[in-house]
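Listed below in structure tokens is the structure:
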């Protein structure tokens with residue numbers, strides 16, 4: 001059974017269309033949901049796929065409306081459902097300022113604590129089984145991208161090998177805790193009696209940005225801004241082209257690329273055809289698309 005699912009709730013650029021909602025991606029990991037951006041109507045998009053009560057934390061890339069205007073409605077629905085667990089919201093500079101203004105709008109009463117934390121380039125938010133690392137992006141306003149990295153797990157104990165070395169009883173717990181034990185004058189390491197460690201899955205999400213250096217290589221999934229088909233259409237905006245997204249995927253050795261923040265001026269076929277010129281394992285994001293890792 002897959003432990004990790006990426007659910008694309010909104011994939012449009014700047015304004016909604018009949019087919020696409022505004023930017024929001026939910027990452028389901030075991031029993032938790034981590035939300036990346038929360039565009040207008042995100043809670044409507046998640047009704048048949050995601051339980052809002054399972055959202056433990058939210059990571060915002062920047063404070064343009066198409067990435068954050070779904071927050072007030074989502075939090076009010078959580079309150080109506082009598083949520084008690086705290087919600088952690090992370091974002092770039094001015095996140096506290098903007099969200100506090102949200103909470104002052106109207107009679108905005110909520111039933112749970114909202115803990116807001118501002119992040120900088122290369123900050124790490126550590127969870128029990130994974131971490132999220134921020135990196136600076138280039139969007140003309142304070143903005144961040146994020147790396148979601150599942151922590152590596154040790155391999156299974158090789159019981160037969162452990163017994164041959166004389167490991168038994170409480171020695172297993174000591175070996176697990178310290179990574180090594182001494183038995184009969186010999187040091188035995190955890191690696192000697194376990195299968196190779198299981199490398200954790202990794203996802204990179206850029207949010208809206210011009211091409212930037214991403215401080216992570218060989219990710220399982222890169223989700224990249226691809227607002228424009230060519231440089232001529234971009235003008236002076238702080239967004240990436242399809243080619244630039246593909247070049248980034250090649251540069252960081254991504255296994256799979258998903259293009260998002262899709263402009264309504266292009267068809268999926270046009271974008272897909274352009275992408276395949278530069279990076280074969282590319283998908284154009286669509287609302288409600290699910291990728292399992």
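Residue numbers (our numbering): 1 to 293. All residues carry an ideal CB built from backbone N, CA and C; glycine is no exception. It should be emphasised that the depicted structure is a prediction, and the values quoted were computed from it without experimental measurement.
Three or more C-beta pairs closer than 8 Å, one from the stretch 30–37 and one from the stretch 49–65: is that the case here?
-> Flag = yes, the stretch 30–37 and the stretch 49–65 touch.
Would you call residue 226 buried or exposed, if buried means 16 or more other Cβ atoms sit within 10 Å of its Cβ?
-> Its Cβ being crowded by 16 or more others within 10 Å, residue 226 is buried.
Between residue 228 and residue 95, what straight-line distance do the alpha-carbon atoms span, to the nearest angstrom?
-> Taking the straight line from one Cα to the other gives about 27 Å.
Can you tell me whether DSSP reads residue 275 as helix, strand or coil?
-> Reduced to three states, the DSSP call for residue 275 is helix.
Specify whether the stretch 154–166 and the stretch 187–203 touch according to this definition: at least 3 beta carbon pairs, one from each stretch, less than 8 Å apart.
-> Contact holds: three or more Cβ-Cβ distances are below 8 Å.
Residue 67 lies in the beta strand (DSSP E); which residues open and close that run?
-> Segment 65–68 is the alpha helix (DSSP H) holding residue 67; no beta strand (DSSP E) there.
Quick one: residues in its chain with C-beta nearer than 6 Å to the C-beta of residue 289, no 5 flanking neighbours on either side, listed in chain order?
-> 8.
Local conformation of residue 270 per DSSP, three classes = Helix, per DSSP.
Inter-stretch contact (C-beta, 8 Å, three-pair minimum) for the stretch 127–140 and the stretch 96–112 = These segments do not touch.
Neighbourhood of residue 5 by C-beta distance below 6 Å, restricted to the same chain and skipping five residues each side | Excluding its 5 nearest sequence neighbours in each direction, residue 5 has C-beta neighbours in its own chain below 6 Å: 28, 290, 292, listed in chain order.
Range covered by the alpha helix (DSSP H) that runs through residue 96 = Per DSSP, the continuous alpha helix (DSSP H) segment holding residue 96 begins and ends at 95–103.
In three-state DSSP terms, what is residue 19?
-> In the structure shown, residue 19 sits in coil (DSSP, three-state: anything other than H, G, I, E or B).
Contact belief for residue 255 with residue 278 at Cβ below 8 Å, rounded distance in angstroms = A Cβ-Cβ distance of about 15 Å is found for the pair residue 255 and residue 278, leaving them out of contact under the 8 Å criterion.
In the stretch 141–182, which residue ranges form an unbroken beta strand (DSSP E) of at least 3 residues, counting only runs that do not cross its ends?
-> With a minimum length of 3 residues, the continuous beta strand (DSSP E) runs that stay inside the stretch 141–182 are 144–150.
Pick out whichever of 261, 251, 252, 249 has its Cα sitting closest to the Cα of residue 238.
-> When only C-alpha atoms are compared, the closest one is 261.
Thinking residue 91 and residue 66 are a contact (beta carbons under 8 Å), I'd like their distance in whole angstroms, please.
-> Beta-carbon to beta-carbon, residue 91 and residue 66 are separated by about 15 Å, too far to satisfy the 8 Å threshold.
Of the residues 111, 70, 142, 99, which one's Cα is nearest the Cα of residue 15?
-> Among 111, 70, 142, 99, the Cα nearest to that of residue 15 is on 70.
Drop a sphere of 10 angstroms on the beta-carbon of residue 150, count the other beta-carbons inside from all chains shown, and report buried for 16 or more, exposed for fewer.
-> Label assigned to residue 150: buried.
From 276, 265, 286, pick the residue whose C-alpha is nearest to that of residue 245; which is it?
-> That would be 276, whose Cα lies nearest to the Cα of residue 245.
Alpha-carbon spacing of residue 224 relative to residue 158, whole angstroms | A straight line joining the alpha-carbon of residue 224 with that of residue 158 spans about 41 Å.
Between the CA atoms of residue 148 and residue 1 - distance to the nearest angstrom = Residue placement at residue 1 is poorly supported in this model, since its pLDDT is 49, which falls under 50; the coordinates still yield a value, given next. Approximately 20 Å between the Cα atoms of the pair.
Delimiting residues of the beta strand (DSSP E) encompassing residue 132 | From DSSP, the beta strand (DSSP E) with residue 132 extends over 130–136.
With 16 other CB atoms within 10 Å as the buried threshold, where does residue 86 fall?
-> The residue is exposed, with fewer than 16 neighbouring Cβ atoms inside 10 Å.
Can you tell which of 100, 123, 122, 109 has the C-alpha that lies nearest to the C-alpha of residue 115?
-> The residue with the shortest Cα to Cα distance from residue 115 is 100.
Helix, strand or coil for residue 44, going by three-state DSSP, please let me know.
-> Assigned with DSSP and collapsed to three states, residue 44 falls in helix.
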